[in-house]
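Just remember that this note's numbering sits 1149 ahead of the position in the sequence shown, which is counted from 1. Even for Gly, the Cβ is constructed at its ideal location relative to N, Cα and C. Please read all numbers here as calculations on a predicted model, not as lab measurements.
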Amino acid sequence: MTRKEQLLFCEKCTHRKMDLNQGILCNLTNEKATFTSTCTDYNEDLSIEAANQEERIIYHSDLSENFSEKHIERFKSEQNFSLGVILSLLAGTIGAILWALITVATKFQIGYMAIAIGAGVGFTMRYIGKGIDQKFGIAGAIVAVFSCALGNLLSIIGFISEYQELSFLNTLLYMDYSYIPQLMKEGFSFMDVFFYAIAGYEGYRFSFRVFKNEDFIN
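So, in structure tokens, the structure goes:
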């Protein structure tokens, strides 16, 4: 057990005391921690319980600085990339459908929906995928941007179905999709790029697993 891992116990123990030269010591022995797995004299300080629930995002490049190899291997074994991608795609698709419904109903494209989609995709990837590898963030960004584009596409189809007085399903099945790139290009603006970029950033940033202090100890 490293000194950093020992301190995660010591910082929550009622027997801790601070020494300006040596840092946190045990007031029972007046020495630094020497235990290797658990401390038999450990007595949890409940007054700092809330602080121990703090969540931290640690990115792939910083893992080795915060965790031992044993911890990293355990976290990697808990990853689920496939399920994370599938359910984040589902979340993104639901967001795209809602975006299209709101856009067609209000006759106004709300760019902030892209931000919501990016966050939804990222958080879904985070809690389902439990990823620490770089690929989780990259996948989250791709799914987020794809979902935003899908929202725009569904909005266009919705407007066409309304104009042609057809059901959305019939329009979806029988329309000439060769016109879609041109229609999307004509409706695309700098603000779309801006909101897509934010969605992609959120999809990346929020896709990584967060850690609590207990993750450092277990």
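Simplified DSSP state of residue i, which is helix, strand or coil
{"i": "Asp-1282", "result": "coil"}
{"i": "Phe-1343", "result": "helix"}
{"i": "Glu-1102", "result": "Shown here, the chain extends from 1150 to 1367; a query on residue 1102 therefore has no answer."}
{"i": "Glu-1218", "result": "helix"}
{"i": "Phe-1360", "result": "strand"}
{"i": "Glu-1193", "result": "strand"}
{"i": "Glu-1227", "result": "coil"}
{"i": "Phe-1355", "result": "coil"}
Backbone CA spacing between residue i and residue j [nearest angstrom]
{"i": "Gln-1258", "j": "Thr-1252", "result": "5 Å"}
{"i": "Glu-1335", "j": "Phe-1216", "result": "50 Å"}
{"i": "Gln-1155", "j": "Asn-1192", "result": "14 Å"}
{"i": "Val-1292", "j": "Met-1324", "result": "25 Å"}
{"i": "Met-1167", "j": "Ala-1249", "result": "58 Å"}
{"i": "Ile-1173", "j": "Ala-1182", "result": "9 Å"}
{"i": "Phe-1317", "j": "Met-1333", "result": "18 Å"}
{"i": "Cys-1188", "j": "Lys-1219", "result": "20 Å"}
{"i": "Phe-1272", "j": "Gly-1352", "result": "8 Å"}
{"i": "Asp-1190", "j": "Arg-1152", "result": "17 Å"}
{"i": "Leu-1247", "j": "Gly-1260", "result": "13 Å"}
Opening and closing residue of the beta strand (DSSP E) in which residue i lies
{"i": "Leu-1174", "result": "1172–1175"}
DSSP bridge partner residues for residue i (one or two, in chain order)
{"i": "Cys-1188", "result": "Paired residues: none, contrary to the question."}
{"i": "Arg-1165", "result": "Cys-1175"}
{"i": "Glu-1180", "result": "Cys-1175"}
{"i": "Glu-1335", "result": "Glu-1335 pairs with nothing; no bridge assigned."}
Closest by C-alpha distance to residue i, when choosing among the options
{"i": "Gln-1228", "options": "Ala-1245, Asp-1211 and Gln-1283", "result": "Gln-1283"}
{"i": "Ile-1235", "options": "Ser-1296, His-1220, Gln-1313 and Lys-1166", "result": "Ser-1296"}
{"i": "Gly-1244", "options": "Glu-1222, Tyr-1353 and Ala-1268", "result": "Ala-1268"}
{"i": "Ala-1263", "options": "Ile-1347, Arg-1223, Gly-1278 and Leu-1157", "result": "Ile-1347"}
{"i": "Ala-1290", "options": "Pro-1330, Phe-1308, Ser-1237 and Ser-1186", "result": "Ser-1237"}
{"i": "Ser-1356", "options": "Phe-1344, Ser-1310 and Ala-1240", "result": "Ala-1240"}
{"i": "Ala-1298", "options": "Tyr-1345, Thr-1178 and His-1220", "result": "Tyr-1345"}
{"i": "Ile-1221", "options": "Glu-1311, Tyr-1326 and Gly-1280", "result": "Gly-1280"}
{"i": "Leu-1302", "options": "Ala-1288, Tyr-1326 and Glu-1314", "result": "Tyr-1326"}
{"i": "Val-1359", "options": "Tyr-1312, Leu-1169 and Asp-1211", "result": "Asp-1211"}
{"i": "Phe-1343", "options": "Cys-1162, Ser-1226 and Val-1294", "result": "Val-1294"}
Start-to-end residues for the alpha helix (DSSP H) that takes in residue i
{"i": "Leu-1238", "result": "1230–1255"}
{"i": "Glu-1154", "result": "1152–1159"}
{"i": "Gly-1260", "result": "Careful: Gly-1260 lies outside any alpha helix (DSSP H) and carries neither H nor E."}
{"i": "Phe-1317", "result": "1317–1323"}
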